[in-house]
Amino acid sequence: MKRIKNFILIILTVALALPCGAAYANKNVINKTNEPSLSSNEISDILLPTETTKSFPAANVSKNSSDESPSELETIIENTAAETTTEKNIDINEKLGNVTPIAVNSFYTGVIETAGTINLYEFSVPARCGLSVEFTHERNEQSNLTGWVIYLFEKFDPSGADGIARYRMLNKYETTTKDMNLVTSASGVYGGNYVLAITGKDSRLPTNEYMFKVIADYGNIYEAEPNDSKNFYTQIRTDVKVIGLSNHKELLDNDWYMFTLPETGTVNVKFSHGRADLPQVCWLLGLYGENDECYWYTTSTGIDNEITSGEIGLPAGNYFVKISTYLRNDTQYTLTVATGDVSEIEFNDTKETAQRLEFSNLTSIMTGSITERQGKYDVDWFTFESANDGVFVLTFNHKAFQKTNGGWQITVYNEQDEIVYYDVSLWNEATKVAPLMGINAGKYYIKVDSEGMRYNNANYTLKLAFVETDAWETEGNNSFETADEIFLNSQISGTLVNNKLDYDRDCYFIDIEERTFAYLTFSHANLADNKEGWIVTIQDENGDVLEEFTSRWVDSKLTSTVLEFMPGRYYITVDTALYFSNKKYTIKLETQS
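In this text, residue positions in the sequence shown follow this note's numbering: the first is 2, and each later residue adds one.
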């Protein structure tokens, strides 16, 4: 008995602290339903231990080793004896020599007879499942102290390299003398052998008889501890819900999950939990590739019910979801890696890695989302190339929300990094249609980001339609040096666009070969408002103004006076007056009949 007493005191010396703001006396009732959520074949497949899977050579999936210390029980006595590893494990096994065999899902009774006594119970489960403990006792009205401490150990190496069994602590629970009943959250485990250790807390001996039952739930899909590192994960499937728990160990628990995309596809990581009554951050969530590249990172508090990553396009490969405990809690969570249908594929975060837009019948449609990363937000770059001059229409769609926050910035660049178009899509703005934009043949880039905006991970759709034409201005014609050429009696259309730095200015030139009398017609749709929208100027090559007039929004058509043009070059500019409009306009220099 003396050796067992020493063992108990050492366990209590290194036992985990209670979670901040929560106590294990709370009755956290788990789902006891044993009805399978999948077919029996699907369940038996998923419940196979990870080490039986041979198709994922990138990770170490051996269940007989861990990033943790080789034996939790060995660590417990480490500071009290200068023994060899073999001697330590012999000592551990002697302490467990009087273990009582029990069966899961059956009640047993016990009592802590003297201070320092530990009652040990050994059981086994045939397959991966969730283990919880139901613990009841008579109510002690005189105190509300922590009365019983319950440890769950895994016998993870039954024989060991030296013939000595090894154990690993998976979880710890505490119950007070007043609470009478405790049902713990389930800890996911592999099929195997386990030990339950029940003892009193320090010298405050609870003499009441207790009754307990180890509950094994095979009807749901649980994480399998230990899964504390990228090299020691729980394998999961996409579109299948997994139940997890932040187990109480010496260090804060990390839960790693691995899933495989056999081909390029889309995932949406969904993390949900019951209310933990803790407004602080309780979990850190991340999605990583095989080379530790981060695709998504965020936090979850105890009071947000669900966190989603948004749909993330990924190439084929193995991926990892990491759920780290930030604040100790005993709230179960569920994890689902749902598949989706976005066509944007990460990483396309820079101009150099921009994703190419593919066209069908001169139209390209791309779906994507902006994801949260550690310390920053995602940026989506796309590129397209036009072999000829023409006009394109850009449409940006997303689900409409009630708030009017700015959510997405859409910027179009040419090869010289000049901004051709810029605008912001608001949360409540389901559709943003850019003005018709004329472009020269060449390569262009589209950037979608949320820098300086209110982050939103909803899916967006980017649609680009292209029409080849030479009857439209080409953007970048904002100076005499880059002006578009026009001809007598031929009309050309254009729009003023927002290029983020300033409003657009469109410049045109015409070469007159002989003395000509002509007038300029400027037309646009009637916008039913009397605001001054466009300033139209006619100049000669020396910069002398021949005529200038302002077109209001309600002026659907204006005509200049008849002007005399001598041989030479002339310029026509269209600029914003007092009120900007990106509606289509048309100009035509007509000779006098």
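Every residue, glycine too, gets a C-beta built ideally from N, C-alpha and C. Quick caveat: nothing in here was measured; it's all calculated off a predicted structure.
{"Asked": "Residue of C130, M181 and I119 minimising C-alpha distance to I151", "Found": "I119"}
{"Asked": "Three-state class that DSSP yields for N172 in the structure shown", "Found": "strand"}
{"Asked": "Closest Cα partner of V394 within the set I313, F518 and A466", "Found": "A466"}
{"Asked": "Residue interval of the beta strand (DSSP E) (run including N499)", "Found": "Looking at the DSSP string, N499 is not in any beta strand (DSSP E), and its letter there is neither H nor E."}
{"Asked": "Residues sharing a beta bridge with K433, DSSP", "Found": "F397"}
{"Asked": "Nonlocal neighbours in the same chain, by C-beta distance under 8 Å from K501, ignoring five residues either side", "Found": "T412, I420 and Y423"}
{"Asked": "Start-end ranges of the beta strand (DSSP E) lying completely within the segment 342 to 419, minimum 3 residues", "Found": "364 to 369, 380 to 387, 391 to 399 and 407 to 415"}
{"Asked": "CA-to-CA distance, S133 to R357, given in whole angstroms", "Found": "51 Å"}
{"Asked": "V392 beta carbon less than 8 Å from that of A339", "Found": "no"}
{"Asked": "The segment 238 to 247 contacting the segment 309 to 316, beta-carbon criterion three pairs below 8 Å", "Found": "no"}
{"Asked": "Cβ pair A484, E591 closer than 8 Å", "Found": "no"}
{"Asked": "Limits of the beta strand (DSSP E) - the one that W535 falls within", "Found": "E533 to D541"}
{"Asked": "For S491: DSSP bridge partner residues", "Found": "Looking at the DSSP assignment, S491 forms no beta bridge with any residue, so it has no partner."}
{"Asked": "Contained beta strand (DSSP E) runs [length at least 3] in the segment 259 to 300, N- to C-terminal order", "Found": "266 to 274 and 282 to 290"}
{"Asked": "Straight-line gap, T496 to W554 (C-alpha atoms, nearest Å)", "Found": "14 Å"}
{"Asked": "Coarse secondary structure for F481, derived from DSSP in three states", "Found": "helix"}
{"Asked": "Beta-carbon proximity of A601 to I493, cut-off 8 Å", "Found": "The structure shown does not extend to residue 601, since the chain is modelled only from 2 through 594, so no value can be given for it."}
{"Asked": "Residue range of the beta strand (DSSP E) that includes S582", "Found": "Note, S582: premise wrong, no beta strand (DSSP E); not H, not E."}
{"Asked": "Residues of its chain near A431, where Cβ-Cβ distance is below 6 Å and the 5 sequence neighbours each way are ignored", "Found": "A401"}
{"Asked": "Three-state class that DSSP yields for N255 in the structure shown", "Found": "strand"}
{"Asked": "Coil, strand or helix - T574 by DSSP", "Found": "strand"}
{"Asked": "Buried versus exposed, by CB contacts within 10 Å (16 or more), P227", "Found": "buried"}
{"Asked": "Boundaries (first-last residue) of the beta strand (DSSP E) holding A472", "Found": "Element bounds for A472: n/a, residue is neither H nor E."}
{"Asked": "At least three beta-carbon pairs within less than 8 Å, the segment 371 to 385 to the segment 329 to 336", "Found": "no"}
{"Asked": "Host beta strand (DSSP E) of A217 (start-end)", "Found": "Y211 to D218"}
{"Asked": "Span of the beta strand (DSSP E), counted from its first residue to its last, around M438", "Found": "M438 to I440"}
{"Asked": "Residues of its chain near R570, where Cβ-Cβ distance is below 7 Å and the 5 sequence neighbours each way are ignored", "Found": "F510, D512 and E542"}
{"Asked": "Per-residue DSSP class, three states only, for N457", "Found": "coil"}
{"Asked": "Whole-angstrom distance between W382 and E353, CA atom to CA atom", "Found": "9 Å"}
{"Asked": "Same chain, Cβ closer than 6 Å to T235, five either side skipped, listed in chain order", "Found": "E224, A225, N228 and Y258"}
{"Asked": "Cβ contact (3+ pairs, closer than 8 Å) linking the segment 264 to 279 and the segment 358 to 366", "Found": "no"}
{"Asked": "Per DSSP, cross-strand counterpart(s) of V196", "Found": "E123 and F154"}
{"Asked": "Inter-residue Cα distance where the pair is L253 and F154", "Found": "17 Å"}
{"Asked": "Reduced DSSP category for N527 - H, G, I as helix; E, B as strand; rest coil", "Found": "coil"}
{"Asked": "Among T137, L288, K156 and G192, the one whose alpha carbon lies nearest that of T183", "Found": "One point to set straight first is that residue 183 is Leu, not Thr, in the sequence displayed. That would be T137, whose Cα lies nearest to the Cα of L183."}
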